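Input: a single structure, listed below in structure tokens.
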Amino acid sequence: LLTRPRLDPDALEELEEILITADLGMPTTRQLLDTIPPSISEPEELLHFLRDQVTDILSAPEQSIPEGHPHVALILGVNGVGKTTTIGKLAFRGIRQGKRVLLAAADTFRAAAIEQLQIWGQRAGAEVVAHQEGGDPAAVVFDALQASLAREMDLLLIDTAGRLHTKKNLMEELKKIGRVVSRNIPGAPHETLLILDATTGLNAAVQVREFHQLMGITGLIVTKLDGTAKGGSLIGIVGELQIPVRYVGFGEGIEDLAPFSPPAFAAALFS
Amino acid sequence: RLSDRLQAIFKKLRGHGKLTEEQITTALREIRLALLEADVHYGVVKDFLDRVRERAVGREVLQSLTPGQQVVKVVFEELTLLLGGEESTLAFAGHPPSVVMLVGLQGSGKTTTAAKLAALLTRQGRRPLLVAADTRRPAAAEQLRVLGAKIGVEVVTDPRSSALALCHKAVEYAQTRGLEPILVDTGGRLHIDDELMAELRAVKEAVHPVETLLVLDAMTGQDALSVATGFHSTLDLSGFILTKLEGDARGGAAISVRAVTGRPIKFIGLGERLEALEPFHPERMASRILG
Ligand SMILES: Nc1nc2c(ncn2[C@@H]2O[C@H](COP(=O)(O)OP(=O)(O)OP(=O)(O)O)[C@@H](O)[C@H]2O)c(=O)[nH]1
Ligand SMILES: Nc1nc2c(ncn2[C@@H]2O[C@H](COP(=O)(O)OP(=O)(O)OP(=O)(O)O)[C@@H](O)[C@H]2O)c(=O)[nH]1
Ligand SMILES: [Mg+2]
Ligand SMILES: [Mg+2]
Chain A
175 LLTRPRLDPD ALEELEEILI TADLGMPTTR QLLDTIPPSI SEPEELLHFL
225 RDQVTDILSA PEQSIPEGHP HVALILGVNG VGKTTTIGKL AFRGIRQGKR
275 VLLAAADTFR AAAIEQLQIW GQRAGAEVVA HQEGGDPAAV VFDALQASLA
325 REMDLLLIDT AGRLHTKKNL MEELKKIGRV VSRNIPGAPH ETLLILDATT
375 GLNAAVQVRE FHQLMGITGL IVTKLDGTAK GGSLIGIVGE LQIPVRYVGF
425 GEGIEDLAPF SPPAFAAALF S
Chain B
650 RLSDRLQAIF KKLRGHGKLT EEQITTALRE IRLALLEADV HYGVVKDFLD
700 RVRERAVGRE VLQSLTPGQQ VVKVVFEELT LLLGGEESTL AFAGHPPSVV
750 MLVGLQGSGK TTTAAKLAAL LTRQGRRPLL VAADTRRPAA AEQLRVLGAK
800 IGVEVVTDPR SSALALCHKA VEYAQTRGLE PILVDTGGRL HIDDELMAEL
850 RAVKEAVHPV ETLLVLDAMT GQDALSVATG FHSTLDLSGF ILTKLEGDAR
900 GGAAISVRAV TGRPIKFIGL GERLEALEPF HPERMASRIL G
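For the record, the sequence lines run as chains A and B.
The first sequence maps to residues 175 to 445 in this note's numbering.
The second sequence maps to residues 650 to 940 in this note's numbering.
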């Protein structure tokens with residue numbers, strides 16, 4: 175399986191198990207293990223080396239974010255990953271930074287999605303633009319864009335309905351929302367953030383590729399890292415697509431969000 | 650596809666030649682890769698391969714004219730056996746009202762699935778009762794209330810009640826109104842959150858559910874094993890419901906949770922509409938996992 179005769183095969187298998195069970199997938203696991211230089215043989219050294227490799231991969235993408243006023247961020251992802259909750263957390267961060275924050279309740283499909291976002295808005299101190307359940311999400315977005323201009327908002331966060339990337343009509347709807355944003359505010363959306371659930375396995379890579387191809391993803395947010403899942407599929411994703419991870423979610427509370435730290439993530443992977 | 654890859658490995662064998670050790674090892678490696686790619690847990694794959702190896706060196710493969718195809722057949726059969734064997738139905742208690750508890754990680758689809766089950770039971774001529782026992786998530790009760798209204802099923806809610814108190818209230822209500830079964834939607838939680846797991850255990854010990862079903866997202870990766878083990882050891886699960894299966898996740902988590910608990914997968918969720926719930930079919934899942 176691996177061509178490093180100087181390394182103990184049991185140690186290698188143990189490493190393989192750590193990486194696979196962390197959801198790295200076999201291709202990324204093999205790539206990583208193949209980078210181990212022949213000079214390394216001690217387990218301590220090995221772990222340190224691999225942590226550095228992972229940190230490097232995750233730090234590589236270009237990190238700058240275009241500035242907008244209002245700064246518009248579109249939040250996307252498959253069902254149940256934590257989009258609405260993450261928007262609550264991002265809104266709170268923005269408010270804490272002294273920004274005027276507006277939320278757009280553009281999930282007009284799922285039962286009580288609007289109410290859920292409105293509660294998060296209240297908790298964060300951000301207003302919410304909403305229509306009726308069953309309405310046109312693009313219309314909500316249009317109103318929110320107008321409101322953020324008229325009321326001189328600093329930050330507009332757009333919540334969208336969860337959707338599987340395999341559903342063509344729903345992906346088309348998303349594309350339409352993107353067009354409404356860019357037509358009404360030049361340069362917007364300044365960020366298109368895909369939310370990934372850390373418990374997701376290798377399908378996470380498919381999600382990123384599909385959403386990226388359709389919308390152009392500018393950043394990733396990984397949620398539910400307070401569980402036992404390690405989110406290792408990120409390594410292959412970031413390596414392949416060079417999309418930066420912006421934040422991590424680690425709980426259901428409004429403050430349970432932090433900027434992504436590659437070394438912290440790498441350390442957690444091997445702990 | 651796995652079957653193509655295995656054909657290629659065995660095509661060098663002509664007629665009734667003996668399979669080489671190398672061919673078997675190479676075949677097992679391909680199977681291993683396919684299963685890991687499908688998100689089946691690392692350790693579960695190991696055990697599964699031991700079973701396959703035993704059959705791969707047996708007469709059925711050795712004497713086959715198409716050993717590659719035979720190995721695929723063996724893998725498919727072993728997966729189906731592992732996944733299947735039990736009925737996709739809900740149990741009912743000796744005397745009503747039976748309680749069905751839905752549990753699982755955050756966002757797995759419990760609330761939607763509770764309503765789907767209510768819809769299914771209504772179509773089957775029953776009169777179920779939904780209980781919005783998620784007291785934490787913003788607008789959780791409202792979500793279940795809206796879904797219940799769509800299908801004409803009553804929902805027990807109370808913003809000031811604990812999950813336990815709500816369940817007691819629901820049992821009483823069901824008894825007086827002759828409603829059965831009671832479908833309890835609980836809040837998402839981590840298997841490592843002792844306090845929240847204790848809350849579930851307390852509910853279970855109070856209302857003695859005839860079903861304790863783990864609602865699991867089909868795209869769950871390696872973590873499915875710890876999640877299933879965690880929920881099972883605290884609650885003694887009766888089965889699983891795998892959601893979002895109309896997507897393109899391979900669904901290997903199904904193998905992992907079945908292997909580690911021995912409990913059956915009873916239903917699958919195939920969409921967001923309330924009709925999108927079907928009985929689980931082991932052979933279909935096996936061929937999906939094999940890709
Ligand atoms: N433990 C944990 N739970 C989280 C985290 N982020 C979100 N959740 C929970 O995940 C569940 C789903 O969150 P939502 O915000 O509704 O997810 P969503 O992507 O908006 O879902 P849909 O709109 O239905 O697609 C909720 O129970 C949240 O509290 C996190 O970082 N950790
Ligand atoms: N595509 C698809 N989406 C589903 C399916 N089942 C549920 N969902 C969606 O998944 C998301 C989460 O569903 P919920 O029912 O809110 O999940 P939950 O487990 O109750 O979430 P928490 O209560 O926060 O733990 C929603 O957007 C649902 O519409 C399914 O079978 N397929
Ligand atoms: Mg949402
Ligand atoms: Mg719920």
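All residues carry an ideal CB built from backbone N, CA and C; glycine is no exception.
Note that the structure is a prediction, hence the values are computed from the model and not measured.
Going along the chain, which unbroken runs of the alpha helix (DSSP H) with 4 or more residues stay wholly within the region 694-731 of chain B?
Within the region 694-731 of chain B, the complete alpha helix (DSSP H) runs of at least 4 residues are 708-711.
Spatial neighbours of Phe-439 (chain A) within its chain, please: C-beta separation below 7 angstroms, excluding the five flanking residues on both sides.
The residues are Leu-232.
Could you give the C-beta distance for Leu-731 (chain B) and Ala-908 (chain B), rounded to a whole number, given that I count them as a contact under 8 angstroms?
Contact holds; Cβ gap of about 6 angstroms.
Is there contact between the region 357-370 of chain A and the region 342-349 of chain A, where contact requires at least three CB pairs shorter than 8 angstroms?
No: the two stretches stay apart, fewer than three of their Cβ pairs being nearer than 8 angstroms.
Around the C-beta of Asp-653 (chain B), are 16 or more other C-beta atoms found within 10 angstroms, so that it is buried, or is it exposed?
Per the 10 Å Cβ criterion, exposed.
Taking 7 angstroms as the limit, name every residue whose beta carbon sits nearer than that to some heavy atom of ligand 4, in sequence order.
Qualifying residues come out as B:Lys-759, B:Thr-760, B:Asp-783, B:Arg-786, B:Ala-789, B:Gln-792, B:Asp-834, B:Gly-836, B:Gly-837.
Might you give, ordered along the chain, the residues of its own chain that have their beta carbon closer than 6 angstroms to the beta carbon of Leu-175 (chain A), omitting 5 neighbours on each side?
Bear in mind that the predicted position of Leu-175 (chain A) carries a pLDDT of just 39, short of 50, making it unreliable; the figure below should be weighed with that in mind. So the list is empty, once near-sequence residues are dropped.
Taking the C-alpha atoms as reference points, what is the distance between Glu-236 (chain A) and Thr-392 (chain A)?
About 10 angstroms.
Please list the partners that Gly-888 (chain B) has in chain A, where partner means a Cβ-to-Cβ separation under 7 angstroms.
Under the 7 angstroms cutoff, chain A gives no residues; its nearest Cβ is about 20 angstroms from Gly-888 (chain B).
Step through the CB atoms of chain B and report whether any lies within less than 9 angstroms of the CB of Arg-284 (chain A).
With 9 angstroms as the cut-off, Arg-284 (chain A) counts as an interface residue toward chain B.
Under the DSSP definition of a beta bridge, which residues are partnered with Ile-750 (chain B)?
Here residue 750 (chain B) is Met; the residue named in the question, Ile, does not match the sequence. Per DSSP, B:Val-833, B:Thr-861.
Pull up the CB-CB distance for Met-327 (chain A) and Leu-685 (chain B), whole angstroms please, since I reckon it's below 8 angstroms.
Wrong, their Cβ atoms sit about 47 angstroms apart, outside the cutoff.
What residues are listed by DSSP as bridge partners for Arg-776 (chain B)?
B:Glu-829, per the DSSP bridge assignment.
Using a Cβ-Cβ cutoff of 7 angstroms, what residues of the region 788-801 of chain B are near chain A? List them in chain order.
Here the close residues are Ala-788, Glu-791, Gln-792, Val-795, Leu-796.
If you reduce the DSSP assignment to three classes, tell me which class Leu-894 (chain B) lands in.
Coil at Leu-894 (chain B), not helix or strand.
Kindly list the residues whose CB is nearer than 7 angstroms to the CB of Phe-725 (chain B), restricted to its own chain and excluding five residues on each side of it in sequence; keep chain order.
Around Phe-725 (chain B): Ala-935, Ser-936, Leu-939.
Taking 7 angstroms as the limit between beta carbons, can you name the residues of its chain near Glu-848 (chain B), skipping five residues before and five after?
Cβ neighbours of Glu-848 (chain B) beyond the five flanking positions: Ala-812.
Roughly how many angstroms lie between the CA atoms of Glu-736 (chain B) and Arg-912 (chain B), to the nearest whole one?
Their backbone Cα atoms lie some 11 angstroms apart in a straight line.
Closer than 9 angstroms, CB to CB, is Leu-921 (chain B) near chain A or not?
It is Glu, not Leu, that sits at residue 921 (chain B) in the sequence shown. Closer than 9 angstroms: yes.
Establish whether the CB of Leu-737 (chain B) and some CB of chain A are separated by less than 9 angstroms.
Note that residue 737 (chain B) is Ser in the sequence shown, not Leu. No, Ser-737 (chain B) does not count as interfacial toward chain A.
Determine the direct distance from the alpha carbon of Gly-361 (chain A) to that of Val-805 (chain B), and round the result to whole angstroms.
About 48 angstroms.
Step through the CB atoms of chain A and report whether any lies within less than 9 angstroms of the CB of Leu-769 (chain B).
Answer no: the Cβ-Cβ gap between Leu-769 (chain B) and chain A never drops below 9 angstroms.
For Ala-781 (chain B) and His-690 (chain B), what's the separation of their Cα atoms in angstroms?
Roughly 33 angstroms between the two C-alpha positions.
Considering Cα atoms alone, identify which of A:His-243, A:Gln-416, A:Ile-428, A:Thr-402 is closest to Arg-270 (chain A).
Nearest C-alpha to Arg-270 (chain A): A:Ile-428.
Let me confirm a value: Val-820 (chain B) is counted as buried when at least 16 other C-beta atoms fall within 10 Å, else exposed. Which label applies?
Buried: at least 16 other Cβ atoms inside 10 Å.
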